[in-house]
Structure formats: C-alpha cells, structure tokens
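Number of protein chains: 2
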Amino acid sequence: MALGVKAVAFSYVTHVLGIAGAVLVLVWCVHFRGGLAWEASNKSLIFNIHPVLMLIGLIIIGGEAIISYKTLSLRKEVKKLIHLVLHAVALILGIIGIYTAFKYHNESNIVNLYSLHSWLGIGIIILYGIQWIYGFLIFFYPGGTTTIRSESLPWHVVFGLFVYLLAVGNAALGYLEKLTFLENSGLAKYGSEAFLVNFTAIVTVLFGTFVVLTVISQGPAENDYSYSAI
Amino acid sequence: MALGVKAVAFSYVTHVLGIAGAVLVLVWCVHFRGGLAWEASNKSLIFNIHPVLMLIGLIIIGGEAIISYKTLSLRKEVKKLIHLVLHAVALILGIIGIYTAFKYHNESNIVNLYSLHSWLGIGIIILYGIQWIYGFLIFFYPGGTTTIRSESLPWHVVFGLFVYLLAVGNAALGYLEKLTFLENSGLAKYGSEAFLVNFTAIVTVLFGTFVVLTVISQGPAENDYSYSAI
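Here it is, written out as structure tokens:
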C-alpha cells in the first residue's frame with residue numbers, strides 16, 4: 001500500500017534538496033578546503049574529490065536514478081533505460097570517488113580501511129554493483145522469465161533501497177569522520193565550516209528521506225508506467 | 001505489497017542480532033572501557049552508560065517494540081499495549097542515555113551539541129517522543145475517529161520507521177565518533193577494541209535492517225492481528 005500522496009510532489013522536494021546538497025559540498029570542498037585536484041603536492045586537494053563525487057555521483061544521481069522510474073511519465077522501456085544509465089553513472093562516479101580516498105591515503109602515508117566508514121563503503125559499492133548487474137541481466141538484457149521478473153521485483157526495490165539508505169547513512173559517517181579529524185587539528189567546533197558540513201549532512205539525509213518517500217507514494221498512473229513493490 | 005516471506009522468520013534473526021548487539025556493547029563498555037558509573041572521578045565511566053542505554057534501550061527495545069505489533073499472535077488490544085509500553089521503555093532509556101552524555105560533557109568541561117551525532121540525536125529523541133504521544137492519543141486513549149486512525153496508520157508506520165532508521169544511523173555515527181576520539185588519543189586503529197566497536201556498529205545496522213524486513217513482510221494472518229501499511 002502506497003502513501004496517499006503523489007510521488008511527483010515528493011520528487012520536486014527531492015530535486016531541490018539534491019541541488020542544495022551539490023552546491024553545499026562544492027562550497028565546502030572548493031571554498032573552504034582549497035579546491036579539487038587529481039595530482040597535487042597538497043594531498044588534501046586529492047581527498048576533496050572524494051566527498052564531491054560520492055555525494056553528487058552515488059547519492060544524488062543514484063537517488064535521481066531511483067525516483068526516475070517512479071515519477072517520469074514515459075514508456076516503460078524508456079524509463080528502464082534512464083534508470084539503468086543513471087545508476088551506471090552513479091556507480092562509476094562512486095568507484096572513482098572511492099579510488100580518490102585510497103589515492104589520498106596512499107600518497108599521504110595514511111593507512112587504509114580501518115574505519116567504519118571505509119568498511120561500510122566497500123560493502124556498499126560491492127552491493128550496489130551486484131544490484132546493478134542483477135537488474136541489467138534480469139530486467140534488461142537478456143532478461144529473466146516472467147516469473148523471475150515478477151518475483152524479483154519487490155526484492156529489487158527493497159534491496160535497492162537498503163543499499164541506497166546504507167549509502168546515505170555512510171555519507172553522514174563520512175562528514176562526521178572528516179569534520180572530527182579537522183576539529184582535532186584545530187578547526188573551530190562552532191565555526192562556519194563546521195556548521196556548513198553538518199548542514200550538508202542533514203541535507204543529504206533529507207534527500208535520502210525524500211527519495212524513499214517518493215518511492216512509497218503513488219506513481220503517475222495505476223498502470224505499468226510505475227511500480228509499487230512495497 | 002509485503003515481501004512474500006513470513007515476518008516471524010525475520011523476527012528470529014532480529015532477536016539474535018539484538019542479543020548479540022547487547023552483549024557486544026556491554027563487553028566494550030565494561031571490559032574494554034572500565035565499566036559504568038553514575039558518579040565517578042573517572043568521568044569516562046559516566047559516558048559509558050550512554051552507548052549501553054542508547055543501544056539496549058532506544059535501538060534494541062525500540063526495535064522489538066516495532067516488530068512486536070507485526071509478529072505476535074495476540075489480540076490487537078494486547079499487542080497495542082505491548083507496542084506502547086516497549087516504546088515507552090525505549091524512549092525513557094533513550095532520554096536517560098542522552099542525559100548521561102551531557103552529564104559526562106559537563107563534568108569533563110567538554111562543550112555540548114557541536115557534532116552531527118548530537119544534533120541528530122536531539123532531533124531523533126524529540127521526533128520519537130512526538131510519535132509516541134501521537135500514537136497514544138490517536139490509537140490508544142482517548143483515540144481518534146475511525147477516519148483519522150485509518151488515514152494516520154500508513155503515516156504512523158512510515159514516520160516511525162523513518163525516526164527509527166535515523167536512530168540506527170545515528171548509533172553508527174556515535175560509534176565512529178567515539179572510536180575516532182579514542183584513536184586520536186592513541187588507540188590502535190587495527191586493534192581488538194577498534195574491531196569490536198566496528199563490528200558492534202555493523203550488528204546494530206543489521207538489527208535495524210531486520211526490523212524493517214520484519215515490518216514489510218507477511219504478518220501471522222491476513223486479518224486485523226497485523227498491519228500492512230506499506
């Protein structure tokens with residue numbers, strides 16, 4: 001049973017929060033943290049690519065990929081292609097974003113994979129990849145039998161939302177971890193940068209919330225243009 | 001549409017994960033961190049009450065409160081009372097748990113309410129309280145009209161799960177924050193305590209996942225002994 005609200009109404013809020021989140025993370029990494037660079041003697045500029053790609057790629061484009069299938073009034077085949085391509089973009093940007101975290105660590109002699117954020121992050125990107133490959137094979141090409149597709153769909157939605165919510169939660173862990181490091185190095189706990197990072201985290205959590213609200217609300221019509229798996 | 005799996009099957013996994021989480025947090029706070037105390041010259045012992053009460057109270061008892069309504073084969077009135085009382089216990093333990101964090105900060109001259117964990121925590125406990133009061137007034141005593149009750153129910157479930165997932169995510173933030181502080185003070189990043197805390201966090205996230213899976217699965221019978229709001 002879906003919530004008695006139009007999904008498209010929630011989707012507008014999702015878009016606005018997504019734009020706000022993208023602006024906030026760029027203001028943080030470019031204005032406060034000195035910008036982005038693939039190669040630099042100031043290794044922090046390499047790290048700065050990480051939050052930008054993870055938020056704009058995995059979280060925002062990934063969220064738009066999820067709600068595109070629910071809110072667009074297009075033919076099923078077209079929506080499926082948009083859903084698949086947006087998720088592929090999200091996944092690729094996510095993988096590059098994770099690579100930059102390792103690159104920063106390795107070039108700065110910081111050890112890898114000790115924190116909860118890193119552990120969950122590796123798990124999430126693997127699950128996201130498995131989910132994408134399963135979706136491609138069963139729902140796109142070559143495609144499973146009708147039985148497999150109809151029995152898989154609720155699990156595809158539930159597992160997809162599970163992985164997505166883990167990603168949103170892990171983004172919050174990332175903001176907190178980085179800000180705690182900065183505060184331990186002297187950044188003001190009540191300063192403007194600390195508030196900016198915390199508000200970016202809250203906007204990220206709200207974006208994830210509205211993605212889920214969009215999914216559990218009513219699609220454009222009670223036909224196969226939409227899904228209502230839960 | 002619910003998942004085609006019996007909720008009670010998921011609920012067994014939830015119980016086991018809950019017991020595992022409770023044991024892990026006690027091993028951490030008692031064995032590794034020196035135990036719990038309401039008054040102590042070693043202020044860390046006051047802090048140690050915080051993770052124990054938040055996990056066992058708000059997260060585990062709160063999670064059991066959520067799934068009790070879905071899985072028990074009892075009369076609706078009995079289940080409602082169990083649901084209400086367990087949530088009240090979770091809420092009270094959560095409030096005491098938050099109080100101990102402030103008490104530790106104040107007695108150790110640490111500033112309050114600068115971190116994302118603390119901001120979200122205050123928001124979550126307020127929303128949890130509002131949700132409990134609304135549930136009490138509309139579904140228990142004096143009770144709303146039939147229309148209000150039936151229109152509220154999907155929102156009660158969705159908002160309740162939203163607040164609960166925020167609480168689970170915020171627990172993960174808490175583990176990461178505390179462990180980062182300890183590691184900055186010299187705790188080994190790959191030591192047994194660091195691994196214990198990260199595994200406790202993962203068990204907590206899995207517990208929350210199985211609470212949600214229980215809720216979106218099939219109750220004991222397709223009658224009013226269960227709800228299927230989403």
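Taken in sequence, the protein lines are chains Z and C.
Just so we're aligned, residue 1 is where the first sequence starts under UniProt numbering, counting upward by one.
Just so we're aligned, residue 1 is where the second sequence starts under UniProt numbering, counting upward by one.
Built from N, CA and C at the ideal position, the CB exists for glycine as well.
| Check | Outcome |
| --- | --- |
| Residue-chain proximity (residue 192(C), chain Z), Cβ-Cβ < 8 Å | no |
| Three-way DSSP call (helix, strand, coil) for residue 189(C) in this model | coil |
| Rounded Cβ spacing between residue 58(C) and residue 93(C) (contact assumed at less than 8 Å) | 6 Å |
| CA-to-CA distance, residue 144(Z) to residue 102(C), given in whole angstroms | 55 Å |
| Inter-residue spacing [alpha-carbon to alpha-carbon] between residue 224(Z) and residue 142(Z) | Caution applies to residue 224(Z), whose pLDDT of 41 falls short of 50 and renders its modelled position unreliable; the value that the coordinates give is listed next. Distance between the alpha carbons of residue 224(Z) and residue 142(Z): 20 Å. |
| Minimum Cβ-Cβ distance from residue 22(C) to chain Z less than 8 Å | no |
| 8 Å Cβ shell around residue 165(C) - same chain, five flanking residues per side excluded | 208, 212 |
| Proximity of residue 7(C) and residue 174(C) at Cβ, strictly below 8 Å | no |
| Host alpha helix (DSSP H) of residue 76(C) (start-end) | 76-107 |
| The alpha helix (DSSP H) enclosing residue 52(C), as first and last residue numbers | 49-53 |
| Per-residue DSSP class, three states only, for residue 226(C) | Reliability of the predicted coordinates at residue 226(C) is poor, the pLDDT of 45 falling under 50, and no value is obtained from them. |
| Span separating the alpha-carbon of residue 73(Z) from that of residue 157(C) | 28 Å |
| Three-state secondary structure (DSSP) of residue 6(C) | strand |
| C-beta neighbour in chain Z for residue 53(C), strict 8 Å | no |
| Of the listed residues 32(Z), 169(Z), 3(Z), 131(Z), nearest to residue 195(Z) (C-alpha basis) | 32(Z) |
| Beta bridge counterpart(s) of residue 218(C) as assigned by DSSP | 6(C) |
| Burial state of residue 63(Z) (16 or more Cβ within 10 Å) | buried |
| Contact with chain Z by residue 28(C), beta-carbon distance below 8 Å | no |
| Interface positions of the region 154-167 of chain C facing chain D (Cβ-Cβ less than 8 Å), listed along the chain | No chain D is present in this structure, whose protein chains are Z and C. |
| Euclidean distance between Cα positions of residue 84(C) and residue 46(C) | 29 Å |
| Closer than 8 Å to chain Z by CB, residue 216(C) | yes |
| Beta-carbon proximity check, residue 53(C) vs residue 115(Z), cutoff 8 Å | no |
| Contact set between residue 180(Z) and chain C, taken where Cβ atoms lie within less than 7 Å | 177, 180 |
| Chain C contact for residue 115(Z) (CB, 8 Å cutoff) | yes |
| Interface flag, residue 206(Z) vs chain C, CB-CB below 8 Å | no |
| Proximal chain C residues relative to residue 62(Z), where beta-carbon distance stays under 8 Å | In chain order: nothing, as chain C lies at least about 17 Å away. |
| Endpoints, alpha helix (DSSP H) assigned at residue 183(C) | 146-184 |
| Below-8 Å beta-carbon distance, residue 171(Z) vs any chain C residue | no |
| Residue burial classification, residue 70(Z) (beta-carbon count within 10 angstroms, cutoff 16) | buried |
| Own chain partners of residue 96(C) with C-beta closer than 7 Å, once the 5 adjacent residues on each side are dropped | 53 |
| Chain C contact residues for residue 231(Z), given Cβ-Cβ distances below 9 Å | Residue 231(Z) is absent from the structure shown; chain Z starts at 1 and stops at 230. |
| Test item: CB-CB of residue 171(C) and residue 55(C) under 8 Å | yes |
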